[in-house]
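Student: I'd like to ask you about the structure that follows.
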Amino acid sequence: MNLTELILELVLMPFVAFVIGLGMVLMMRKIAARLQRRVGPPLFQPLYDIVKLYAKRTQTSHGMVHDIGIVMAVGGYIAAETLLPMPGMNGIAEKGGLITLMYLMMVPSLGMALGVGQCANPNGSIGIGRALTAMLAYDVPFVIVVFGVAWHFGSTNLVSMIDIQQAGGISTWGAAQMPLLALAGLFTLHGMLGKQPFEVYIAPAEIATGPMVEMSGKHMGGLFVMQSFQLYTAAALYVTLFLGGGENWLFFIAKCFAVLAVPVSLAYLFPRYRTEDMLRLMWKWPVLVGLVGLAFVMR
Amino acid sequence: MSLNPLDTLFLLAGLNLLAMLLIGQWRGAGWLATLFYGAQLLALFQFDPSQTIQHSAFSIQHSTLALNWQFDALAWLFAVISVAAALAASWYGAGEWLRKYTGSRRLLHSALAGNVLAMLLLLASGDLLTLFVGWEATSWAGFLLMALGGGSGQKPAREAALKYLVYAIAGAMALLGALVVLFQAGHSFGFAQAQASFATMSAPLLWSMVLLFLLAFGAKLALLPLHLWQAPAYSETPAPGAVFLGSIVGRMGLFALAVVLVKLIGIEHLADLALPFTFLSAQDLIAWIAVLTIILPTYTALKQNDARYLLAWHGIGQGGYMLLGLVLGTALGTAGGLLHMINYAATQATLLMAVFAVMHRVGHTDLNNLGGLVARMPLTFLALLLGIISLAGLPPMSGFVSKWMIYSALLQEGRPLLFVASVIGTLGTILSVYKLIHNLFLGQLRVEHEKIDEAPLSMLIPMLACGLFAFVTGAAPVLILGWVAAAQDSLGLPVLAYTLGGVSSPRASLDMLWVVGVLFASFGVGAVLFYGIGGKTQRIHQFDNYAGGHFLTGEMRYHYSDNFYAGLMHLIGGWYRGSFLWLESAIASGVSLVANAAGGWYRAVSPGFYLLAATTLLLAWVLL
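Chains A and B are the protein sequences, given in the same order. Going by the working numbering, the residue at position 253 of the first sequence is 371; the numbering climbs one at a time, nothing skipped. Going by the working numbering, the residue at position 213 of the second sequence is 205; the numbering climbs one at a time, nothing skipped.
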């Protein structure tokens, strides 16, 4: 591949990811609305929200780190998208691989944590403390899944994982070969998204939305963009590891939305777990299922 | 006669020590020492790390025993990092810091110079006897540096240093025991003879040798359960001492373990050595000790409320990663372990210098009584930020590259539990370093800190230089992977085939040049989106806020710091049982009981009886 093509891919991949992510935000809100017998927002509402937040006249900043935190949060995800293959575009996926992606996905979280910390609001700090604890909760089953998948495919290269699954058909998909790991992965995905019942770090009635408490205007808009990326990244990664990646755009987008619909639909049926309950849950069931799945993969 | 680079190095280190002993009290002595370390670093770069072994002209011969010194690529690598750490530490403490220092300057400078000389002598050991001598010199020099903190009660430096001494002497006895056994087997202290003796040694004897060496060198590396002394001993010393101790001194244990376990015994031999009644080998046992050394001290760090202690506990944990990588024995794993030693030295030096800069300005490092300092010390904040990203092992810093290598090696070797356990250590590190930067630099600035200044330039330059080193070697690992590959070669390990940006293989590839390039381009796009689009942001004062319906004032503490991870501690808080403290105190009580009993008995019974008993026993032994 020549350099121009690669640079074009590096520009296109985050952009496409963002657009799909906006669609996912819409789907999430629609599902919530339907479960609560409401109509839900119109098609372009996520976009309107971002435009509104960026265009607000009152934009308060608590200092440089507050701003840079948002830059890191958005920038980190833009970089992460170039490591996650899309149909026809691999970006720099082969120069990084699964472990690099896993760690790069922590950079936006760190950025957000720095930005929130600078706001000097204890509700924000408590929220970040809880969010990082949540990461400790869901990342333990997640690394078990990562190990199992990488061992199964014999590589951490996401492109070669997709190639293997697409060459062999549905029976070679990660989900067919490693059903237990796929189940544990779905659990992890739910925790990673921070949706109910795992949203104790937002807890609006208790800590006034936690990390978002001092965010308004562009800062909130930045977090909205980050959420769109986050939804896409989590879903696309799951599709890559377990559902054969994207043969073409239609299948790819359909799979991504379908994967995301599972945790999002479940989310609104549950109350909220406390932090220690989330830890207990994540360290018990997905870890157990994941370890059993791992034992099957490595036998 | 012309001096070879090794002799020049020893000469410079010796002259430095002499100068500091003579004129260490002088105000400019810190700068002179810094120049000496700079000269030593230059002398080191006169070597070619990939060259064959270079011998010193200096040696000591007595009957059949000889002490001789030589440098190979492994020793060179550790020497470069040691001297560079001393250079940074000395520079840091040479300017304004020294003017405020109330202790003895001569003692501080001489202790640092003595440590460097002792460590160079250890690293250059040409045989096991020289290694023992160097090991002892390093231990005592380290004690001197640790004891500088002095004090008691609230400042337990001296007690911690004494505790270290007990561990060091126990370790030395273990080492002596191992060397005696080895000499019995091969009638020589030479490396080649030791290698041959290990190859033919019976399993039980080899096991006891491995355990003795682990006891001897593991105490310095603070491997579990020999780790309790390190955090207080390293934290309480004056800033340059703490920076030097924290970044490299403990790693001498790693060097010695690399020489003995990898070069002399060999990883394959360890993998074949089965632990009786289990399915584990000696290699597995050491890997699990390393992983426990990663996890338990890291989660102890999470609970610290003093920034220096927090970093010192992480230092113990990071040593575990190095040993884990090394004991895997593969090209990728051992490269990761050795690379982590380099990366971590730069990272820890940056972090400690930033924390001690806060201490220099504010007077303490209590994480519950600080906050918001980014407004007053932005460059120190930047250094700490670089440091924590590297310590947590996230891109784009160098700490990520070495941890990536260790993870990938564990993956390729099919070690799932070790892999998961080492990632759990990394996750704990992320939690802990966020608490560090949050409680120091973010949030509400206290009223009494509103007028403090940024750290002085003499402290900022080495701090930022170390941070920059950790960044540049993260973006372009090729700069130091050559050193690592040469060290692997000198240990007789498979050598890592590296590329410009890291590693390229079908099973795991990493090109940091691209990853870092794309990451920074993305930050650029993020910045354009934030600053270029939408309304103009307005900076507001930290008290332009309200809590519970009241406006904020300076008297109202509005910074969340204590029990930072309350939810986590709710679950795992009960798991901190202080078992190792209990074990240590139980051993100490046991030993003191035996000592008291023996002393009491000696006083109770006439000494003449002992003389008679000893003579009778001696006669019996001679006759029978």
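All residues carry an ideal CB built from backbone N, CA and C; glycine is no exception. Please read all numbers here as calculations on a predicted model, not as lab measurements.
Does the beta-carbon distance from Ala191 (chain A) to Leu311 (chain A) come in below 9 Å?
Tutor: The residue you call residue 191 (chain A) lines up with position 73 of the first sequence. The residue you call residue 311 (chain A) lines up with position 193 of the first sequence. Contact: no.
Student: Let's test the definition: count the other Cβ atoms within 10 Å of the Cβ of Tyr399 (chain B) and tell me whether it reaches 16, buried, or not, exposed.
Tutor: Counted from its first residue, the second sequence places residue 399 (chain B) at position 407. The residue in question, Tyr399 (chain B), is buried, as its Cβ has 16 or more Cβ neighbours within 10 Å.
Student: If I follow the unbroken alpha helix (DSSP H) through His261 (chain B), where does it start and stop?
Tutor: Against the second sequence, residue 261 (chain B) aligns to sequence position 269. Note, His261 (chain B): alpha helix (DSSP H), Ile259 to Asp264.
Student: Mark Val172 (chain B) as exposed unless 16 or more other C-beta atoms lie within 10 angstroms of its C-beta, in which case mark it buried.
Tutor: Position 180 of the second sequence, counting from 1, holds the residue named residue 172 (chain B). Answer is exposed; the Cβ neighbour count stays below 16.
Student: From the DSSP output, in three-state form, read off Arg52 (chain B) for me.
Tutor: In the second sequence, residue 52 (chain B) corresponds to position 60, counting from 1. Looking at the sequence provided, one finds Ile at residue 52 (chain B) rather than Arg. Here Ile52 (chain B) sits in strand by DSSP.
Student: Between Ala500 (chain B) and the rest of its own chain, which residues show a CB-CB distance below 6 Å, the 5 nearest in sequence each way excluded?
Tutor: Taking the first residue of the second sequence as 1, we reach residue 500 (chain B) at position 508. Closer than 6 Å at the Cβ level, and outside the excluded window around Ala500 (chain B), lie Ser400.
Student: Within the continuous beta strand (DSSP E) that includes Trp61 (chain B), where are the two ends?
Tutor: What you label residue 61 (chain B) is simply residue 69 of the second sequence in a count that begins at 1. Run containing Trp61 (chain B): Leu57 to Phe63, per the beta strand (DSSP E) assignment.
Student: State the Cα-Cα distance for the pair Gly494 (chain B) and Pro469 (chain B), rounded to the nearest angstrom.
Tutor: Within the second sequence, the letter at position 502 stands for residue 494 (chain B). Within the second sequence, the letter at position 477 stands for residue 469 (chain B). Approximately 6 Å between the Cα atoms of the pair.
Student: So that I know if they touch, is there some Cβ in chain A lying closer than 9 Å to that of Arg368 (chain B)?
Tutor: Counting from 1 along the second sequence, the entry for residue 368 (chain B) is found at position 376. Not closer than 9 Å to any Cβ of chain A, the Cβ of Arg368 (chain B) fails to qualify, so no.
Student: Pick out whichever of B:Thr529, B:Val597, B:Tyr291 and B:Arg353 has its Cα sitting closest to the Cα of Arg175 (chain A).
Tutor: The sequence position of residue 175 (chain A) within the first sequence is 57, counting from 1. Arg175 (chain A) has its Cα closest to that of B:Thr529, out of B:Thr529, B:Val597, B:Tyr291 and B:Arg353.
Student: Is there a Cβ of chain A sitting closer than 9 Å to that of Trp506 (chain B), yes or no?
Tutor: Position 514 of the second sequence, counted from the first residue, corresponds to residue 506 (chain B). Yes, Trp506 (chain B) lies at the interface with chain A (some Cβ there is under 9 Å from its Cβ).
Student: Give the C-beta separation of Val393 (chain B) and Met504 (chain B) to the nearest angstrom, bearing in mind that I take them to be a contact with Cβ-Cβ under 8 Å.
Tutor: In the second sequence, counting from the first residue as 1, residue 393 (chain B) sits at position 401. In the second sequence, counting from the first residue as 1, residue 504 (chain B) sits at position 512. Contact holds; Cβ gap of about 6 Å.
Student: Report the start-end ranges of each alpha helix (DSSP H) in the stretch 197 to 284 of chain A that is 4 residues or longer and not cut off at the edges.
Tutor: 211 to 214, 216 to 222, 224 to 236 and 240 to 271
Student: List, in chain order, every chain B residue whose beta-carbon is nearer than 7 Å to that of Asn120 (chain A).
Tutor: If you number the first sequence from 1, residue 120 (chain A) lands on position 2. Those within 7 Å of Asn120 (chain A) in chain B number zero; the least Cβ separation is about 15 Å.
Student: Using the rule of at least 16 other Cβ atoms within 10 Å of the residue's Cβ for burial, across every protein chain shown, is Asp119 (chain B) buried or exposed?
Tutor: Indexing the second sequence from 1 puts residue 119 (chain B) at position 127. Asp119 (chain B) comes out buried.
Student: Can you look up Gly541 (chain B) in the DSSP assignment and give me helix, strand or coil?
Tutor: Translated into the one-based positions of the second sequence, residue 541 (chain B) becomes position 549. Here Gly541 (chain B) sits in coil by DSSP.
Student: Inspect the CB distances between the stretch 210 to 223 of chain B and the stretch 159 to 167 of chain B and report whether three or more fall short of 8 Å.
Tutor: yes
Student: By Cβ distance, which residues of its chain are closer than 6 Å to Thr290 (chain B), with the 5 residues on each side in sequence left out?
Tutor: What you label residue 290 (chain B) is simply residue 298 of the second sequence in a count that begins at 1. So the qualifying residues of the chain are Gly309, Gly417, Gly420 and Thr421.
Student: Whose Cβ in chain B lies nearer than 8 Å to the Cβ of Phe265 (chain A)?
Tutor: The sequence position of residue 265 (chain A) within the first sequence is 147, counting from 1. Correct list: Leu403, Pro408, Phe411 and Val412.
Student: Go ahead and pull the three-state DSSP assignment for Arg300 (chain B).
Tutor: Reading the second sequence from its first residue, position 308 is the one you call residue 300 (chain B). DSSP places Arg300 (chain B) in helix when its eight states are reduced to three.
Student: Between the C-alpha atoms of Glu576 (chain B) and Ala31 (chain B), what's the straight-line distance to the nearest angstrom?
Tutor: In the second sequence, counting from the first residue as 1, residue 576 (chain B) sits at position 584. In the second sequence, counting from the first residue as 1, residue 31 (chain B) sits at position 39. Distance between the alpha carbons of Glu576 (chain B) and Ala31 (chain B) is about 43 Å.
Student: If the cut is a Cβ gap below 7 Å, which residues of chain A does Val517 (chain B) touch?
Tutor: Position 525 of the second sequence, counting from 1, holds the residue named residue 517 (chain B). By Cβ distance, chain A contributes Gly193 and Ile196.
Student: State yes or no: is the C-beta of Met220 (chain A) within less than 9 Å of the C-beta of Val415 (chain A)?
Tutor: Along the first sequence, read from residue 1 onward, the residue named residue 220 (chain A) stands at position 102. Along the first sequence, read from residue 1 onward, the residue named residue 415 (chain A) stands at position 297. Not a contact, by the Cβ cut-off of 9 Å.
Student: Considering just the uninterrupted stretch of the alpha helix (DSSP H) at Leu603 (chain B), what are its terminal residues?
Tutor: By 1-based counting over the second sequence, the position of residue 603 (chain B) is 611. Here the alpha helix (DSSP H) through Leu603 (chain B) covers Pro599 to Leu615.
Student: Output needed for Pro148 (chain B): all residues of its chain with C-beta closer than 8 Å, excluding positions within five of it in sequence on either side, in chain order.
Tutor: Here residue 148 (chain B) refers to the residue found at position 156 of the second sequence. Pro224 and Glu228, listed in sequence order.
Student: Between the Cα of Met224 (chain A) and those of A:Val380, A:Ala151 and A:Tyr256, spot the shortest distance and give me the residue it belongs to.
Tutor: As a first step, residue 224 (chain A) is located in the first sequence; it is residue number 106 there, counting from the start. When A:Val380, A:Ala151 and A:Tyr256 are compared, the shortest CA-CA separation from Met224 (chain A) is found for A:Tyr256.
Student: Could you check the C-alpha separation between Val350 (chain B) and His356 (chain B) for me, to the nearest Å?
Tutor: Looking up residue 350 (chain B) in the second sequence gives position 358. Looking up residue 356 (chain B) in the second sequence gives position 364. Looking at the two C-alpha atoms, the distance is approximately 7 Å.
Student: One question on the structure: do Val377 (chain A) and Val357 (chain A) come within less than 9 Å of each other, judged by their Cβ atoms?
Tutor: Walking along the first sequence from the start, residue 377 (chain A) turns up at place 259. Walking along the first sequence from the start, residue 357 (chain A) turns up at place 239. Result yes, Cβ atoms of Val377 (chain A) and Val357 (chain A) sit closer than 9 Å.
Student: Going along chain A in order, which residues have a C-beta closer than 8 Å to the C-beta of Ala500 (chain B)?
Tutor: Taking the first residue of the second sequence as 1, we reach residue 500 (chain B) at position 508. The answer, in chain order, is Gly215, Ile217, Ser273, Thr274 and Asn275.
Student: Is the CB of Ser400 (chain B) under 9 Å away from at least one CB in chain A?
Tutor: Residue 400 (chain B) sits at position 408 when you count from the first residue of the second sequence. Yes, its Cβ sits closer than 9 Å to a Cβ of chain A.
Student: Could you tell me if Val92 (chain B) is buried or exposed, where buried requires 16 or more neighbouring beta carbons within 10 angstroms of its beta carbon?
Tutor: Here residue 92 (chain B) refers to the residue found at position 100 when the second sequence is read from its first residue. Sequence check: residue 92 (chain B) is Lys here, not Val. Looking at its Cβ environment, which holds fewer than 16 other Cβ atoms inside 10 Å, Lys92 (chain B) is exposed.
Student: Going by the beta-carbon positions, is the gap between Leu365 (chain B) and Val476 (chain B) smaller than 9 Å?
Tutor: Translated into positions along the second sequence, residue 365 (chain B) becomes position 373. Translated into positions along the second sequence, residue 476 (chain B) becomes position 484. Going by C-beta atoms, Leu365 (chain B) is not nearer than 9 Å to Val476 (chain B).
Student: Going by the CB atoms, is the gap between Leu216 (chain B) and Ile281 (chain B) shorter than 9 Å?
Tutor: Along the second sequence, one-based indexing puts residue 281 (chain B) at 289. Along the second sequence, one-based indexing puts residue 216 (chain B) at 224. For Ile281 (chain B) and Leu216 (chain B), yes; Cβs fall inside 9 Å.
Student: At 7 Å on the CB atoms, spell out the chain B contacts of Thr200 (chain A), in chain order.
Tutor: Translated into positions along the first sequence, residue 200 (chain A) becomes position 82. The answer, in chain order, is Val510.
Student: Should Phe461 (chain B) go down as buried or exposed, given a rule of 16 or more other Cβ atoms within 10 Å for buried?
Tutor: Position 469 of the second sequence, counting from 1, holds the residue named residue 461 (chain B). With 16 or more Cβ atoms within 10 Å of its Cβ, Phe461 (chain B) is classed as buried.
Student: Using only the alpha-carbon positions, how far apart do Lys295 (chain B) and Phe183 (chain B) sit?
Tutor: Here residue 295 (chain B) refers to the residue found at position 303 of the second sequence. Here residue 183 (chain B) refers to the residue found at position 191 of the second sequence. Looking at the two C-alpha atoms, the distance is approximately 43 Å.
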